[in-house]
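Inspection log for the structure reproduced underneath, given as structure tokens.
Protein chains in written order, with our numbering: chain A, 1 to 403; chain E, 1 to 403.
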């Protein structure tokens with residue numbers, strides 16, 4: 001008998017039909033003799049609906065009450081899925097965040113799960129019941145309702161897997177798993193059977209929105225094997241675990257890309273300690289996310305060139321911020337508003353020489369100009385002109401044997 | 001400084017605009033120096049929406065989980081109204097049923113409030129805050145979420161008034177108060193300024209859906225003065241209190257009527273002890289509500305005639321039940337499917353002779369045939385042909401000086 005966490009995302013419980021379908025999956029897993037804890041998200045669209053209600057009252061809605069409001073989304077899904085299980089003769093019960101309780105720390109809207117009391121759920125599992133619990137929420141030590149950030153139901157699932165020491169943690173979602181590149185745009189994309197936590201993290205931070213990054217991170221820290229699979233097919237999905245357990249016959253696991261980027265270059269910036277902090281501090285204050293940052297060694301020893309990328313919609317404001325910033329000096333400011341970022345990710349890259357060269361050679365063969373480069377141990381990213389995005393992704397997908 | 005309960009019904013918080021408006025009413029009351037506890041219903045339509053979700057899964061949805069589901073409705077209103085108060089600079093905080101806690105007993109979907117812990121709310125009031133709590137729900141001694149039946153937010157408001165010993169309990173709703181008859185159908189209807197609990201109970205059980213009956217009953221038992229008033233105008237509304245405090249210049253306070261009724265008469269029923277129980281037992285089992293029951297003394301000493309009314313939609317099933325019932329014997333069964341019930345209600349009736357006669361005379365003058373009569377201390381009801389409903393109500397409204 002195995003103990004399993006099954007997590008159902010928003011689209012997997014997005015309608016009554018889908019809730020009934022999810023209940024059937026749970027029933028099947030239960031009939032195989034597994035002890036099951038189910039973690040559910042709010043029905044697709046529900047959280048946005050609640051946020052929009054709050055925004056029509058205030059753009060700065062009281063944070064404490066926002067959590068009171070948003071936490072109803074998962075409570076509704078919990079009750080519906082438990083009712084659906086009950087209807088098909090499966091013994092199940094919902095457990096609310098405060099009934100368990102799921103203890104969090106940190107501020108409202110952005111708390112972290114630090115512990116859960118196992119007693120009630122363990123007792124219920126031991127009499128053959130299935131426990132249904134809401135993702136994304138908990139209670140603080142003061143008994144206040146808290147939520148743990150968008151996508152937080154993944155984090156709840158991983159925390160449950162850790163605290164209840166389950167044999168597996170299965171993330172049911174609306175895609176069949178993690179793909180070698182975006183299957184919607186690049187039809188040659190292949191589903192990846194096995195991937196390491198690190199690669200998954202790089203891919204998700206690069207736009208593959210299959211799982212929430214911090215949940216993957218927690219799984220990595222505690223070595224909790226994950227499985228991402230589709231609610232709508234029977235196929236295997238993608239297993240995410242320790243890279244020691246993965247056979248790296250392929251150097252590159254996937255090709256990710258982001259669009260709607262813009263690139264800004266500051267040339268001949270006065271090079272002194274803390275200059276990067278002074279450039280980027282006002283961006284944080286204006287809630288503009290900086291993606292890639294590249295600083296070249298200066299040629300004259302006194303100045304340096306700094307290139308960074310942002311979302312295109314933030315370009316105008318970013319230029320304004322830079323012009324207003326009296327703390328920095330530079331000779332020239334240039335920008336491009338039509339770039340995209342292409343990344344190859346693979347835990348096998350670090351032990352395979354020549355990957356970087358092969359990537360650049362391949363892009364050159366396609367006459368694609370590289371505007372900037374940034375590398376990490378398991379990832380190489382380049383900035384190119386947006387027009388060449390699909391061509392570049394297809395080429396890289398092909399030369400690294402992902403087709 | 002007064003301590004007040006302000007209760008806002010579903011239509012009073014039925015949209016964002018209305019929630020913002022309710023927040024302004026609360027702010028005004030607070031600025032007058034009152035300590036305030038607010039009880040809120042789910043937004044109009046919300047509870048029905050949740051019930052319909054549950055029904056699309058099962059017509060016999062798990063009762064425990066139904067309460068988990070339905071209780072989210074008031075939680076949402078609580079968070080929104082608290083956020084709206086916060087936005088206009090009023091110190092306010094929501095308190096969930098389990099945070100207070102509001103202790104209930106009895107089964108799911110039909111529990112009763114038996115106590116509340118005062119500590120947290122009293123502390124919050126004492127630092128100048130306004131406490132916002134959800135109506136209609138509580139937790140059992142086992143920590144399970146319970147609801148207390150449709151319209152239960154009124155009961156919560158009255159329970160809060162009793163337990164916190166408040167100076168008043170104001171029920172904000174979508175009508176201006178209690179009327180002498182239905183203002184939507186009979187334009188001469190007058191708003192009643194003061195009414196006793198007993199009259200209010202008769203009127204609400206007769207179809208004036210201004211307040212939930214069991215809440216009025218609780219208020220009567222503990223002598224808690226109520227005030228029903230409109231969220232949308234500044235006017236006084238109707239005060240409901242002990243009849244000792246009411247000056248009865250008028251004998252009759254109001255004229256109520258119900259439509260869509262049907263009448264069944266069993267003639268020459270074998271008269272023996274327990275015969276009524278045997279007739280009506282299967283109706284309860286089939287969830288058919290019996291309204292008025294009239295049993296005449298038998299002429300021959302061996303048989304009796306029994307007349308009763310039901311909702312028209314239950315007529316067919318009721319006839320079937322009677323025909324199948326082998327425990328009862330009768331000579332003849334007749335029925336009418338197009339009757340209505342007209343009632344006059346007034347605590348002053350008991351001390352004023354001739355009210356009954358005046359009512360029957362007035363109906364006779366209008367050539368309205370009376371099919372059945374039933375009286376209580378403060379109410380006289382007659383069954384008439386449905387076509388004459390409005391004519392009868394207008395006539396009675398007039399002769400008892402309510403116009």
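Using N, Cα and C, we set each Cβ at its ideal position, and we do this for glycine too.
These figures come from a predicted structure and were not determined experimentally.
| Check | Outcome |
| --- | --- |
| Anyone know if the C-beta pair for residue 290 of chain E and residue 280 of chain E falls short of 9 Å? | yes |
| The beta strand (DSSP E) with residue 103 of chain E in it runs from where to where? | 102-105 |
| Is the Cβ-Cβ distance between residue 177 of chain A and residue 228 of chain A less than 9 Å? | yes |
| May I have the straight-line CA-CA distance separating residue 94 of chain E from residue 88 of chain E, to the nearest angstrom? | 16 Å |
| Tell me the residue span of the alpha helix (DSSP H) that contains residue 313 of chain E. | From DSSP, residue 313 of chain E is part of no alpha helix (DSSP H); its letter is neither H nor E. |
| Name, please, each residue of chain E whose Cβ falls closer than 7 Å to the Cβ of residue 87 of chain A. | 57 and 58 |
| Rounded C-beta distance between residue 20 of chain E and residue 57 of chain A? I'm assuming under 8 Å. | 7 Å |
| State the CB to CB distance for the pair residue 160 of chain A and residue 39 of chain A, rounded to an integer number of angstroms; the pair is presumed to be in contact (CB under 8 Å). | 6 Å |
| Is there contact between the region 329-343 of chain E and the region 257-266 of chain E, where contact requires at least three CB pairs shorter than 8 Å? | yes |
| Less than 9 Å between the beta carbons of residue 307 of chain A and residue 271 of chain A, yes or no? | no |
| Quick check on the DSSP output: what are the complete alpha helix (DSSP H) runs of length 4 or more inside the region 60-145 of chain E, in order along the chain? | 63-87 and 119-126 |
| Shorter than 9 Å from the beta carbon of residue 8 of chain A to some beta carbon of chain E? | no |
| Specify, as a first and last residue, the run of the beta strand (DSSP E) that residue 241 of chain A falls within. | 238-241 |
| Any contact between the region 79-87 of chain A and the region 14-33 of chain A? By contact I mean 3 or more CB pairs, one from each, below 8 Å. | yes |
| What are the residues that DSSP puts in a beta bridge with residue 171 of chain E? | E/7 and E/228 |
| Which bits of chain E does residue 69 of chain A rub up against, with CB to CB less than 7 Å? | 76, 79 and 80 |
| Would you tell me roughly how many angstroms separate the C-alpha atoms of residue 233 of chain A and residue 13 of chain A, rounded to the nearest one? | 15 Å |
| Report the start-end ranges of each beta strand (DSSP E) in the region 276-345 of chain E that is 3 residues or longer and not cut off at the edges. | 293-296, 303-311 and 332-345 |
| If you drop the 5 nearest sequence neighbours on each side, which residues of the same chain put their C-beta closer than 6 Å to that of residue 265 of chain A? | 307 and 334 |
| For the region 94-110 of chain E, list every residue whose C-beta sits within 9 Å of some C-beta in chain A, in sequence order. | 94, 96, 98 and 99 |
| Please work out which residues of its chain come closer than 7 Å, Cβ to Cβ, to residue 92 of chain E, disregarding the five sequence neighbours upstream and downstream, and give them in chain order. | 82, 85, 86, 129, 130 and 132 |
| Taking 9 Å as the CB-CB limit, is residue 64 of chain A close to chain E? | yes |
| Determine which residues of the region 15-38 of chain E have a Cβ less than 8 Å from any Cβ of chain A, and write them out in chain order. | 16, 19 and 20 |
| Show which residues of chain E have a CB atom less than 7 Å away from the CB atom of residue 53 of chain A. | 16 and 80 |
| Among residues of its own chain, excluding the 5 on either side of residue 143 of chain E, which ones have a beta-carbon nearer than 6 Å to its beta-carbon? | none |
| Between the region 104-113 of chain E and the region 32-52 of chain E, can you find at least three pairs of beta-carbon atoms closer than 8 Å? | no |
| For the alpha helix (DSSP H) holding residue 152 of chain E, just list the boundary residues, first then last. | 152-163 |
| Within 9 Å of any Cβ in chain A, is that where the Cβ of residue 145 of chain E sits? | yes |
| Please state if the CB of residue 181 of chain A and the CB of residue 11 of chain A are separated by a distance shorter than 9 Å. | no |
| Hey, residue 171 of chain E and residue 226 of chain E: beta-carbon distance below 9 Å or not? | yes |
| State buried or exposed for residue 157 of chain A, treating a residue as buried only when at least 16 other CB atoms are found within 10 Å of its CB. | buried |
| From this set, E/218, E/166, E/146 and E/153, which residue's C-alpha is nearest residue 121 of chain E's C-alpha? | E/166 |
| Could you work out which residues of chain E lie near residue 72 of chain A, taking near to mean beta carbons separated by less than 7 Å? | 72, 75 and 76 |
| Would residue 50 of chain A count as contacting chain E if we go by Cβ distances under 9 Å? | yes |
| Short check: CB of residue 255 of chain A to CB of residue 371 of chain A, under 9 Å? | no |
| Below 6 Å CB to CB, which residues in the same chain sit around residue 200 of chain A once its five sequence neighbours on both sides are set aside? | 216 and 240 |
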